[in-house]
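*Asks:* Submitted below is the structure of interest, expressed as structure tokens.
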């Protein structure tokens with residue numbers, strides 16, 4: 001018996017040696033064949049969808065194997081990005097029997113020091129391992145996923161192939177998987193380091209088990225770890241558990257803009273399915289030690305995400321955000337794989353500062369957002385084209401600051417929008433700002449407690465424009481109606497029933513100094529804009545005895561309307577009453593939203609005493625009396641920077657006393673002239689001046705002027721003051737608004753005035769020729785003029801004396817007297833000072 005056993009052992013040993021010898025001879029010869037290596041390259045290229053190269057291919061004996069050194073799979077999408085897969089070595093463990101038949105079947109795969117690189121670009125991911133075709137992405141297990149059977153074992157091999165994959169075991173050690181995101185600048189690199197993976201197929205259960213572990217890095221820094229475990233049967237059905245361990249979410253900063261997030265993410269994602277589809281997903285993730293830091297404020301808390309999905313049913317989602325002092329947000333609902341959402345959110349005292357960075361555009365205007373929101377919001381429909389967005393929220397201690405816009409205080413918002421991103425969008429919004437303070441560019445101001453409610457309905461039309469209708473309650477107005485359209489061409493019209501303007505200066509600060517009173521109404525007052533520019537105005541603004549303060553003591557009363565025409569508004573039956581004078585106003589304002597160019601023609605209506613107007617507009621009350629007639633044209637701009645009077649231009653014609661004369665209280669130009677010439681004043685005083693008293697009256701026959709307005713002043717082209725016996729003609733500038741004067745001109749003494757002066761000087765009272773006396777300067781103000789004399793003035797006065805008195809009256813005694821009155825009692829000096837020659841010729 002022992003001999004028999006010994007012979008059997010020797011036989012087996014001999015057979016084994018023979019097999020080993022055959023393998024030792026057959027395997028190297030098979031590997032060295034050109035057609036084998038070509039077939040192997042083709043199979044690998046077909047498997048990866050890219051070219052596959054290696055440094056060397058050798059055969060090993062125990063165990064039988066192929067050893068591939070330094071294999072490289074090069075990206076076929078962009079070779080410049082480098083290799084997609086590389087490894088130090090790959091061992092393909094072989095089945096024995098096929099080797100004796102000059103074929104190779106791979107039973108297991110051992111990969112060492114591998115690196116896989118996946119590159120994300122704007123077009124997507126580029127790596128031949130992740131192709132789009134089903135045959136590239138389907139798992140390759142057990143002969144293309146077929147379960148082994150007796151028929152498979154007995155089936156004849158394909159004679160055309162000397163290489164066949166039937167992998168039952170895979171081992172990966174000391175490897176890394178890299179995702180390089182080049183859509184960001186600079187690019188961000190994610191890597192899974194120290195990757196270890198073991199798979200094995202249990203033929204009795206036809207099940208392949210997977211165990212994978214790796215450390216996650218971002219930018220070269222360790223941020224956490226992951227484990228993947230589960231099984232895949234030979235039919236491709238899998239059940240996997242992905243566990244994330246202490247992943248630092250601050251690594252997501254490049255994707256979150258200005259939001260700074262810190263926290264630790266952990267949890268499980270369970271995935272089930274087969275080679276054709278994912279059948280179920282369950283996730284339970286928790287972010288602990290959550291810290292949100294952004295310009296709006298810092299918050300701490302935790303975030304829990306849960307979800308489940310089975311087959312074709314919608315995904316059930318739940319998210320809970322709890323901030324220690326920032327309130328709570330809970331979102332629940334469903335989502336389909338096609339992207340259809342049905343979500344509802346509940347906010348409880350949620351601090352809006354936590355959402356600051358999500359609504360603020362870093363490249364746009366700065367936004368300050370704050371307050372505590374409580375309420376609900378919902379979203380229904382595809383994520384890319386929602387069917388319904390609805391919310392009802394109360395915000396306590398709200399803050400919204402955008403440059404030139406401020407909202408502070410509690411407010412309520414209710415909104416419902418159907419198909420917000422489609423051509424058929426329509427919705428309704430209700431906003432109650434009554435308890436809040438609102439300021440818009442300093443031009444609109446609403447205090448806390450003032451009624452401010454807005455209800456708006458809107459819809460998008462086929463043209464793309466959004467049409468809206470709004471009803472507004474503001475202050476004591478219960479019905480402000482607005483409607484319009486927003487698009488490439490925008491238009492808005494507003495209608496307000498007649499209301500009293502008193503007190504509205506608190507809403508529109510620009511009215512503060514005007515202290516408006518009276519009533520005003522708007523009847524579809526509208527403007528239309530074509531990209532950025534005003535193209536059309538229409539509607540009507542009507543005034544019903546509108547009062548505006550224009551001085552410390554006087555208001556202007558407006559009655560009539562402005563009618564929208566073209567690119568501006570034109571006066572319609574407009575009357576302005578000030579100081580007892582009513583002016584008819586024609587013309588209008590162009591570009592009311594920009595430069596506000598105005599051009600008005602004005603004309604006094606009816607009779608008015610000049611004193612009423614002057615007393616109303618200046619501090620000089622009861623100064624000038626007489627019938628006033630005013631006409632003219634004023635042009636300018638009210639919408640530009642700089643002084644208003646510098647932009648004011650036009651012409652004015654003024655007449656006072658045309659029928660019946662008038663009076664300039666306390667002012668007579670003749671007296672001013674006498675006060676400036678001691679000779680005439682003293683002679684008149686010494687001779688009791690009874691003969692000229694009538695000419696020193698404050699009464700005038702006529703004052704008329706033709707004025708040009710421009711460059712911050714009124715330029716008197718002609719100002720004529722006519723008195724009995726003389727008249728004054730002046731020209732020059734009158735400054736606005738001070739009314740300071742700097743005029744030149746002359747005084748014409750008429751014949752009877754010269755004759756009267758002759759009687760005062762001792763001459764005969766016969767007829768005399770008129771005398772014109774030039775005035776160097778007339779300064780100060782019209783109500784208190786001051787005259788500056790010159791040598792020409794004195795020369796003209798000498799001529800006046802000669803004409804008025806005659807040579808026969810100028811005796812030596814009179815000459816001496818005149819000399820003394822002129823200042824020093826030396827007649828020659830007086831004559832010299834007036835003639836400039838010193839020869840006494842005058």
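In my numbering, the protein residues as written are 1 to 842.
In this text, a Cβ means the ideal position worked out from N, Cα and C, and glycines have one as well.
Report yes or no: do three or more beta-carbon pairs, one from the segment 473–480 and one from the segment 536–549, lie closer than 8 angstroms?
*Replies:* With a cut-off of 8 angstroms, the segment 536–549 and the segment 473–480 do not count as touching, because too few Cβ pairs lie within range.
*Asks:* Below 7 angstroms CB to CB, which residues in the same chain sit around residue 568 once its five sequence neighbours on both sides are set aside?
*Replies:* By 1-based counting over the chain shown, the position of residue 568 is 568. Closer than 7 angstroms at the Cβ level, and outside the excluded window around residue 568, lie 537, 588, 589, 590, 591 and 592.
*Asks:* Where do the N-terminal and C-terminal ends of the beta strand (DSSP E) with residue 468 fall, by residue?
*Replies:* Translated into the one-based positions of the chain shown, residue 468 becomes position 468. Per DSSP, residue 468 belongs to the beta strand (DSSP E) from 466–474.
*Asks:* Run through DSSP, which three-state label would residue 646 get?
*Replies:* Your numbering for residue 646 matches position 646 in the chain shown. Reduced to three states, the DSSP call for residue 646 is helix.
*Asks:* For the putative contact between residue 408 and residue 436, defined by C-beta atoms under 8 angstroms, what is the C-beta separation to the nearest angstrom?
*Replies:* As a first step, residue 408 must be located in the chain shown, where it is residue number 408. As a first step, residue 436 must be located in the chain shown, where it is residue number 436. Sure, about 6 angstroms apart at Cβ, within 8 angstroms.
*Asks:* Where does residue 401 fall in DSSP's three states?
*Replies:* Here the question's residue 401 lines up with position 401 in the chain shown. Reduced to three states, the DSSP call for residue 401 is strand.
*Asks:* Given this structure, state the Cα-to-Cα distance separating residue 454 from residue 433, to the nearest angstrom.
*Replies:* Locating residue 454 in the chain shown gives position 454, counting from the first residue. Locating residue 433 in the chain shown gives position 433, counting from the first residue. Cα-Cα distance, rounded: 8 angstroms.
*Asks:* Could you check how far apart the C-beta atoms of residue 603 and residue 626 are, in whole angstroms? I think they sit under 8 angstroms.
*Replies:* Position 603 of the chain shown, counted from the first residue, corresponds to residue 603. Position 626 of the chain shown, counted from the first residue, corresponds to residue 626. The Cβ separation is near 18 angstroms, so there is no contact.
*Asks:* Once the 5 residues before and after residue 298 are set aside, which same chain residues still bring their CB inside 8 angstroms of it?
*Replies:* Position 298 of the chain shown, counted from the start, is the residue given in the question as residue 298. Hits under 8 angstroms: 291 and 292.
*Asks:* Of the residues 565, 254, 278 and 706, which one's Cα is nearest the Cα of residue 240?
*Replies:* Taking the chain shown and counting its residues from 1, one reaches residue 240 at position 240. The shortest Cα separation from residue 240 among 565, 254, 278 and 706 belongs to 278.
*Asks:* Could you check the C-alpha separation between residue 471 and residue 523 for me, to the nearest Å?
*Replies:* Counted from its first residue, the chain shown places residue 471 at position 471. Counted from its first residue, the chain shown places residue 523 at position 523. So the alpha carbons of these two residues sit roughly 15 angstroms apart.
*Asks:* If you check the beta carbons only, do residue 746 and residue 774 fall under 8 angstroms apart?
*Replies:* Residue 746 sits at position 746 when you count from the first residue of the chain shown. Residue 774 sits at position 774 when you count from the first residue of the chain shown. A contact, by the Cβ cut-off of 8 angstroms.
*Asks:* Between the C-alpha atoms of residue 222 and residue 180, what's the straight-line distance to the nearest angstrom?
*Replies:* Locating residue 222 in the chain shown gives position 222, counting from the first residue. Locating residue 180 in the chain shown gives position 180, counting from the first residue. About 16 angstroms.
*Asks:* Does the segment 414–430 come close enough to the segment 377–388 to have 3 or more Cβ pairs within less than 8 angstroms?
*Replies:* Verdict: yes, contact present.
*Asks:* DSSP three-state label for residue 143, please.
*Replies:* As a working mapping, residue 143 is identified with position 143 in the chain shown. Reliability fails at residue 143, whose pLDDT of 40 lies under 50, so the model's placement of it is uncertain and the value that follows must be treated cautiously. Correct three-state label for residue 143: helix.
*Asks:* Helix, strand or coil for residue 743 per DSSP?
*Replies:* Taking the first residue of the chain shown as 1, we reach residue 743 at position 743. Three-state result, residue 743: strand.
*Asks:* From residue 52 to residue 243, what distance separates their C-alpha atoms?
*Replies:* Your numbering for residue 52 matches position 52 in the chain shown. Your numbering for residue 243 matches position 243 in the chain shown. If I take the Cα positions, the gap works out to 33 angstroms.
*Asks:* Which one of 382, 367 and 491 has the shortest CA to CA distance from residue 402?
*Replies:* Position 402 of the chain shown, counted from the start, is the residue given in the question as residue 402. Checked all of 382, 367 and 491; the closest Cα to residue 402 is 367.
*Asks:* Rank 658, 647, 703 and 312 by C-alpha distance to the C-alpha of residue 669 and give the top, closest one.
*Replies:* Position 669 of the chain shown, counted from the first residue, corresponds to residue 669. Residue 703 is the option with its Cα nearest to residue 669.
*Asks:* For a test of the three-state rule: what should DSSP assign to residue 812, helix, strand or coil?
*Replies:* Locating residue 812 in the chain shown gives position 812, where the first residue counts as 1. Legend: pLDDT at residue 812 = 40, less than 50; position of this residue unreliable, value from coordinates given subsequently. Looking at residue 812 - three-state DSSP - the assignment turns out to be helix.
*Asks:* Using 10 angstroms around the beta-carbon of residue 337, count the other beta-carbons present and answer buried if the total reaches 16, otherwise exposed.
*Replies:* In the chain shown, counting from the first residue as 1, residue 337 sits at position 337. It is exposed - the Cβ of residue 337 has fewer than 16 other Cβ atoms within 10 Å.
*Asks:* Would you mind sorting residue 793 into buried or exposed? The rule is 16 or more other CB atoms within 10 Å of its CB.
*Replies:* Walking along the chain shown from the start, residue 793 turns up at place 793. Looking at its Cβ environment, which holds 16 or more other Cβ atoms inside 10 Å, residue 793 is buried.
*Asks:* Taking residue 711 as the reference, give the member of 382, 733, 723 and 481 with the closest Cα.
*Replies:* Against the chain shown, residue 711 aligns to sequence position 711. The shortest Cα separation from residue 711 among 382, 733, 723 and 481 belongs to 733.
*Asks:* List in chain order: all unbroken beta strand (DSSP E) runs of 3+ residues lying wholly within the segment 550–591.
*Replies:* Counting whole runs of 3 or more residues, the segment 550–591 contains the beta strand (DSSP E) stretches 555–565, 568–578 and 581–590.
*Asks:* Within a Cβ cutoff of 6 angstroms, which residues of the same chain sit near residue 413, ignoring the five residues on either side of it in sequence?
*Replies:* To locate residue 413, count along the chain shown from 1; it is residue 413. Counting only Cβ-Cβ distances below 6 angstroms, and skipping sequence neighbours, we find 393 and 431.
*Asks:* So, under 8 angstroms CB-CB, residue 562 and residue 575 are touching, yes? Tell me the CB distance rounded to an integer number of Å.
*Replies:* Taking the chain shown and counting its residues from 1, the one referred to as residue 562 is at position 562. Taking the chain shown and counting its residues from 1, the one referred to as residue 575 is at position 575. 13 angstroms between Cβ atoms; not a contact.
*Asks:* What does the Cβ neighbour count give for residue 750, buried or exposed, with the cut at 16 atoms within 10 Å?
*Replies:* Position 750 of the chain shown, counting from 1, holds the residue named residue 750. The residue is buried, with at least 16 neighbouring Cβ atoms inside 10 Å.
*Asks:* DSSP on residue 39, reduced to helix/strand/coil?
*Replies:* Here residue 39 refers to the residue found at position 39 when the chain shown is read from its first residue. Residue 39 falls in the helix class under three-state DSSP.
*Asks:* Residue 515 to residue 558, Cα distance in whole Å?
*Replies:* Mapped onto the chain shown, residue 515 falls at position 515. Mapped onto the chain shown, residue 558 falls at position 558. Going by the C-alpha atoms only, they are around 14 angstroms apart.
*Asks:* Determine the direct distance from the alpha carbon of residue 629 to that of residue 728, and round the result to whole angstroms.
*Replies:* Within the chain shown, the letter at position 728 stands for residue 728. Within the chain shown, the letter at position 629 stands for residue 629. If I take the Cα positions, the gap works out to 20 angstroms.
*Asks:* Using the beta-carbon count (16 or more within 10 Å), is residue 376 buried or exposed?
*Replies:* On the chain shown, position 376 is the one that residue 376 refers to. Residue 376 comes out exposed.
*Asks:* Check each candidate in 526, 468 and 513 and name the one with the smallest Cα separation from residue 494.
*Replies:* Taking the first residue of the chain shown as 1, we reach residue 494 at position 494. The shortest C-alpha separation from residue 494 is found at 526.
*Asks:* Nearest-angstrom Cα distance between residue 218 and residue 284?
*Replies:* For the purposes of this step, residue 218 is taken as residue 218 along the chain shown, with counting starting at 1. For the purposes of this step, residue 284 is taken as residue 284 along the chain shown, with counting starting at 1. So the two alpha carbons sit approximately 23 angstroms from each other.
*Asks:* Look at residue 612 and residue 581 and say whether their C-beta atoms are less than 8 angstroms apart.
*Replies:* Stepping through the chain shown from its first residue, residue 612 is reached at position 612. Stepping through the chain shown from its first residue, residue 581 is reached at position 581. For residue 612 and residue 581, yes; Cβs fall inside 8 angstroms.
*Asks:* Which same chain residues end up closer than 6 angstroms to residue 348 when comparing Cβ atoms and leaving out the 5 residues on each side of it in sequence?
*Replies:* Within the chain shown, numbered from 1, the residue matching residue 348 stands at position 348. 327, 328 and 374.
*Asks:* Does DSSP classify residue 428 as helix, strand or coil?
*Replies:* In the chain shown, residue 428 corresponds to position 428, counting from 1. Of the three classes helix, strand and coil, the one that applies to residue 428 here is strand, per DSSP.
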